[in-house]
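At position 86 of the sequence shown (counting the first as 1) the number is 86 in this note's numbering, and the numbers step up by one without a gap. Single-structure report; data block below.
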Amino acid sequence: MNLDGETNLILKHALEVTTHLHDEKSLQKFRAMVKCEDPNENLYSFIGTLQHDGKEYPLSLQQILLRDSKLKNTYVQKFFRKACYSKGLKVDDA
């Protein structure tokens with residue numbers, strides 16, 4: 001069961017500017033900054049932007065994984081774990 005009580009999988013979508021990040025080399029070259037609101041208890045809204053090459057791209061709940069989220073039914077699981085590991089972030093293998 002999810003934090004909000006949902007048991008269905010929730011689809012997430014990458015920003016178009018990040019869809020080319022399919023391997024470790026492209027991820028290492030990608031330079032961006034994420035600006036977002038402070039952590040809060042609201043699970044149904046998110047305000048943030050990704051800054052890349054002088055442009056800003058709005059982020060929404062469609063692009064955010066909350067802490068303790070689990071990736072399922074996706075080919076990017078291994079890649080995501082590598083990306084987090086390389087940045088020093090903890091990722092649960094379950």
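Glycine included, each C-beta is placed from N, C-alpha and C at the ideal position.
Residue i in three-state terms, based on DSSP
i, result
"LYS55", "strand"
"THR49", "strand"
"LYS29", "helix"
"THR18", "helix"
"HIS13", "coil"
Beta-carbon proximity check, residue i vs residue j, cutoff 8 angstroms
i, j, result
"LEU50", "LEU61", "no"
"LEU43", "PHE30", "no"
"GLN48", "VAL34", "For the sequence presented, residue 48 should be read as Gly rather than Gln. In contact: GLY48 and VAL34 (Cβ atoms closer than 8 angstroms)."
"GLN112", "ALA32", "Lying outside 1 to 94, the shown extent of the chain, residue 112 is not represented and no answer is given."
With 16 other Cβ atoms within 10 Å as the buried cut-off, status of residue i
i, result
"ALA94", "Bear in mind that the predicted position of ALA94 carries a pLDDT of just 45, short of 50, making it too unreliable to give a figure here."
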